[in-house]
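**Q**
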Amino acid sequence: MVPRGERSSNAPDLLDNLQAWVEHNYDTRLLDSTLSFPLLQGLYEYGDPLAKKKFKEEIAKRFLSDNPVVSTYLAKEGFLDVFTNEEFWQIISMDLIH
Numbered sequence: 001m002v003p004r005g006e007r008s009s010n011a012p013d014l015l016d017n018l019q020a021w022v023e024h025n026y027d028t029r030l031l032d033s034t035l036s037f038p039l040l041q042g043l044y045e046y047g048d049p050l051a052k053k054k055f056k057e058e059i060a061k062r063f064l065s066d067n068p069v070v071s072t073y074l075a076k077e078g079f080l081d082v083f084t085n086e087e088f089w090q091i092i093s094m095d096l097i098h
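The sequence shown: position 95 = 95 (the UniProt record's numbering), numbered continuously.
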């Protein structure tokens with residue numbers, strides 16, 4: 001990793017944002033969703049333990065959102081397959097409580 005202030009890149013803001021994203025445990029609010037979600041998915045597929053947890057949390061949060069288009073997309077594209085049956089029913093139960 002190149003220390004701050006020694007970068008020759010034309011995109012220091014992106015590098016700073018990525019570094020902050022990592023330092024804050026892949027907080028998807030710190031990056032645009034079109035960047036954070038695919039990055040998180042890639043890290044999940046690579047086997048990163050924190051990414052596995054965060055990716056599932058993001059899918060659950062988006063699935064339970066009030067946006068049926070997003071929920072349908074996640075279901076159709078197989079994103080719900082990351083959950084065990086037990087995890088999925090826990091998510092559904094949480095939604096029914098709220």
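For glycine and all other residues, C-beta sits at the position ideal for the given N, C-alpha and C.
Between the alpha carbons of K54 and D13, how many angstroms are there, rounded?
**A** Their backbone Cα atoms lie some 23 Å apart in a straight line.
**Q** Helix, strand or coil, according to DSSP, for F63 in the structure here?
**A** Looking at F63 - three-state DSSP - the assignment turns out to be helix.
**Q** How is residue 138 classed by DSSP in three states: helix, strand or coil?
**A** Because the chain spans 1 through 98 in this model, residue 138 falls outside it and cannot be assessed.
**Q** Which value, in whole angstroms, describes the spacing of the CA atoms of D48 and W89?
**A** If I take the Cα positions, the gap works out to 24 Å.
**Q** Looking at the secondary structure, which residues open and close the alpha helix (DSSP H) in which T72 lies?
**A** Unbroken alpha helix (DSSP H) run through T72: P68 to K76.
**Q** For L80 versus F63, is the C-beta distance shorter than 8 Å?
**A** Yes, the pair counts as a contact, with Cβ atoms nearer than the cut-off.
**Q** Helix or strand or just coil, what does DSSP make of D32?
**A** D32: coil per DSSP, three-state reduction.
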